[in-house]
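Asks: Numbering (this note's numbering), first residue to last: 42 to 438.
Backbone N, C-alpha and C fix where the C-beta goes; we use that ideal spot for every residue, glycine too.
The structure that follows is given in the form of structure tokens.
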Ligand code: JHZ
């Protein structure tokens, strides 16, 4: 049974950037209560009331994974690694976004499934066969019938978005070839706890995984984890390597080692999450205090990256355009719109942060290195970034 440990208050759908902020649009905006629970049977951390995916993955989906140099490189590296390690004959990516992973393969090597029709259109245009549908047993059967069983299934930042994990993993088991491999990665709850990055909780992140929780759940779909990696992406992610339970692939020692580490971190105990929740409350107070202090001094503050994560921060901490003037983001289809819930205007970063700006809150704190490099002029003239990760602070040159 899920036991609630965190209440992040009323939140909008993170992908619902507003075109205008007139009375009618604001009245129609959808809000729900974002609270998070821990299941003491399978150790899974999940939202208490997930949203219907049909409301989220629409033909107006805004996020483009290829907007950062870091992610382009990360997808290139994993594509190279998978091709070398598994010499796949036929692969599939589930949740292919704008093709940031696919483009590292030939069009014959890989197909994709992507529920957001606007994104599926992009990758179909690029020449990669993309089914504009949700990943489930029905589409898995269709693909096996039309093509072959799959030697490799890859999915990044997608599986944690799906409420029904049993259906998802059953579909994987059904579609994989006898010795096929399923590799997926998502933000890691162990890092979220360490980094106090509570903004990793939002409508799309229905679950945040640990090795302990995923091992339990995969078992029920006749799958097993044979390798695992902790990654720096998105402030700490976990990559699982999975095969059929009956496969002869040997389980690597690091799987057992990480399980031990997770037990030491207390990822199997409700008390760990309760303590985390207390730290989040303190982090919120500290961020508001800092922003108010800066504003009182007459300084100008913006935000960097109209991320889904920052929607959680702004709505939980009640941060609106009185505290943050505007948000800059390089994604064209976010520019000219307003952030969900708090309605802060989104602009293009242009050739860098405006010279009259004193502080920039890091909505995309996970790309700090990349952003620092880009915004060296801002830092050199005394500009500072603000972050809440791992604790509320400013970052200068
Ligand atoms: P980023 C999304 O979350 C949604 P978000 C999704 N649910 C998910 O799981 C993760 O991605 C992976 C901009 N930017 O990746 C681009 C600049 O403007 O942290 C993006 O809009 N300039 C699928 O939104 C945003 O910041 C830059 O120099 O929390 C980053 O979004 C850089 C580097 C980024 O994910």
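Taking 7 Å as the cut-off, is the beta-carbon of residue 109 closer than that to any non-hydrogen atom of the ligand JHZ?
Replies: Stepping through the chain shown from its first residue, residue 109 is reached at position 68. Yes, the ligand JHZ has a heavy atom inside 7 Å of this Cβ.
Asks: Runs of 3 residues minimum, wholly inside the stretch 324 to 389: which ones carry the beta strand (DSSP E) assignment?
Replies: 342 to 345
Asks: When we look at the beta-carbon of residue 245 and count the other beta-carbons within 10 Å, is it buried (16 or more) or exposed?
Replies: Here the question's residue 245 lines up with position 204 in the chain shown. That one is buried.
Asks: In whole angstroms, what is the alpha-carbon distance linking residue 397 and residue 390?
Replies: If you number the chain shown from 1, residue 397 lands on position 356. If you number the chain shown from 1, residue 390 lands on position 349. Approximately 14 Å between the Cα atoms of the pair.
Asks: Would you decide whether residue 188 is buried or exposed? Buried here means 16 or more other CB atoms lie within 10 Å of its CB.
Replies: Translated into the one-based positions of the chain shown, residue 188 becomes position 147. Classification for residue 188: exposed.
Asks: Hey, would you say the C-beta of residue 401 is under 7 Å away from at least one heavy atom of the ligand JHZ?
Replies: Stepping through the chain shown from its first residue, residue 401 is reached at position 360. Relative to the ligand JHZ, even the nearest heavy atom lies 7 Å or more away from the CB of residue 401.
Asks: Whole angstroms is fine: what's the gap from residue 180's alpha carbon to residue 438's?
Replies: As a working note, residue 180 is residue 139 in the chain shown. As a working note, residue 438 is residue 397 in the chain shown. The straight-line gap from Cα to Cα measures roughly 50 Å.
Asks: Excluding the five sequence neighbours on either side, which residues of its own chain have a C-beta within less than 7 Å of the C-beta of residue 141, listed in chain order?
Replies: Within the chain shown, residue 141 is the residue found at index 100, counting from 1. For residue 141, where only same-chain residues beyond five positions count, the Cβ hits under 7 Å are 106, 107, 112, 113 and 116.
Asks: DSSP three-state call for residue 408: helix, strand or coil?
Replies: Taking the first residue of the chain shown as 1, we reach residue 408 at position 367. In the structure shown, residue 408 sits in a helix (DSSP, three-state: H, G or I).
Asks: Within the continuous beta strand (DSSP E) that includes residue 220, where are the two ends?
Replies: Stepping through the chain shown from its first residue, residue 220 is reached at position 179. Residue 220 -> beta strand (DSSP E) spans 217 to 228.
Asks: Could you give the C-beta distance for residue 268 and residue 282, rounded to a whole number, given that I count them as a contact under 8 Å?
Replies: The sequence position of residue 268 within the chain shown is 227, counting from 1. The sequence position of residue 282 within the chain shown is 241, counting from 1. Yes, residue 268 and residue 282 are in contact; Cβ-Cβ is about 4 Å, under 8 Å.
Asks: Measuring only from the beta carbon, is residue 198 closer than 7 Å to any heavy atom that is part of the ligand JHZ?
Replies: Taking the first residue of the chain shown as position 1, residue 198 is located at position 157. Flag set: Cβ of residue 198 near the ligand JHZ.
Asks: To the nearest angstrom, how far is the alpha carbon of residue 276 from that of residue 348?
Replies: Along the chain shown, read from residue 1 onward, the residue named residue 276 stands at position 235. Along the chain shown, read from residue 1 onward, the residue named residue 348 stands at position 307. Residue 276 and residue 348: Cα-Cα distance of roughly 13 Å.
Asks: Looking at the strands, I want to know which residues DSSP matches up with residue 52.
Replies: In the chain shown, counting from the first residue as 1, residue 52 sits at position 11. Answer is 73.
Asks: Is there contact here, the stretch 403 to 417 with the stretch 90 to 98, by at least three beta-carbon pairs under 8 Å?
Replies: Fewer than three pairs of CB atoms, one per stretch, sit closer than 8 Å, so the stretch 403 to 417 makes no contact with the stretch 90 to 98.
Asks: Do residue 288 and residue 220 have their beta-carbon atoms positioned less than 8 Å apart in this structure?
Replies: Taking the first residue of the chain shown as 1, we reach residue 220 at position 179. Taking the first residue of the chain shown as 1, we reach residue 288 at position 247. Yes, the pair counts as a contact, with Cβ atoms nearer than the cut-off.
Asks: Run the CB neighbour count on residue 335, radius 10 Å, all protein chains shown included, and call it buried at 16 or more, exposed below.
Replies: Taking the chain shown and counting its residues from 1, one reaches residue 335 at position 294. Result: buried.
Asks: Whole-angstrom Cβ separation of residue 305 and residue 84, contact assumed at under 8 Å?
Replies: Within the chain shown, the letter at position 264 stands for residue 305. Within the chain shown, the letter at position 43 stands for residue 84. That pair is no contact at about 14 Å.
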